[in-house]
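S.K.: Under my numbering, the first residue of the sequence shown carries the number 2, and numbering increases by one thereafter. Note that CB positions come from ideal geometry on N, CA and C, so glycine has one too. These numbers come from a predicted model, not from an experiment. Attaching a single structure in structure tokens format; questions to follow.
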Amino acid sequence: MADQQAQDPVFQIQRVYLKDLSLEQPNSPAILLEQEQPTVDIQLGVDAQPVAEGIFEITVAATVQTKIGDKTVFLVEAKQAGIFEIRHLPEEQMGAILGIACPQIVYPYLRGNVADVIQRGGFPPVHLAEINFQAMYEQQQAQAAGQAAPSLAQ
């Protein structure tokens, strides 16, 4: 019985934390007087790193840049991370766990922190959209497969 418990799948959140956060307003205060609506560019990324046996750090990063013309109104760069204990799962499930399940847990914290820091900077909050991490993961897998295919043909 004890042997069976030792092999049971484990998926636990150890900690979720704000790893990095910066807000820059390089053209304030002059740009704050502009009446034109700024453009908003949002980039997201996910990174998974093993920390120890069965322990992984998942980081979801966001860069939010608003501009009026070619001048930056504000730039926010944020990384929200989580430490997860993941053991005794089939190897073929690990990619999806690290690329979909873990980021889905971490992302709401990132959304809240990004909206908060933008608001604290004196701007209306920018709410990051909900993300379909499964579609993002599948797209990354397809791109990786596409990049690997030509090298096999050579």
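1. Nearest CA to the CA of Val118: which residue from Glu131, Ile32, Pro30 and Thr64?
2. Mind the definition here: the segment 18-33 touches the segment 50-57 only if three or more C-beta pairs lie below 8 angstroms; say whether that holds.
3. Going along the chain, which residues of its own chain have a beta-carbon closer than 6 angstroms to the beta-carbon of Val61, five neighbours each way excluded?
4. Ile69: which of Asp21, Gln38, Asn133 and Val77 sits nearest, CA to CA?
5. Just list the residues that DSSP pairs Lys68 with in beta bridges.
6. Quick one: Cα of Phe134 to Cα of Asn28, how far?
7. From Phe75, Gln140 and Ile59, pick the residue whose C-alpha is nearest to that of Gln13; which is it?
M.R.: A quick look at the data gives this:
1. Locating residue 118 in the sequence shown gives position 117, counting from the first residue. Among Glu131, Ile32, Pro30 and Thr64, the Cα nearest to that of Val118 is on Thr64.
2. no
3. As a first step, residue 61 must be located in the sequence shown, where it is residue number 60. Here the set comprises Val47, Gln81, Pro104, Val107, Tyr108 and Leu111.
4. To locate residue 69, count along the sequence shown from 1; it is residue 68. The shortest Cα separation from Ile69 among Asp21, Gln38, Asn133 and Val77 belongs to Gln38.
5. For the purposes of this step, residue 68 is identified with residue 67 of the sequence shown, where counting begins at 1. In the DSSP output, where bridge partners are listed per residue, Lys68 has Thr40 and Thr73.
6. Counted from its first residue, the sequence shown places residue 134 at position 133. Counted from its first residue, the sequence shown places residue 28 at position 27. Spanning the two alpha carbons is a distance of roughly 34 angstroms.
7. By 1-based counting over the sequence shown, the position of residue 13 is 12. The residue with the shortest Cα to Cα distance from Gln13 is Ile59.
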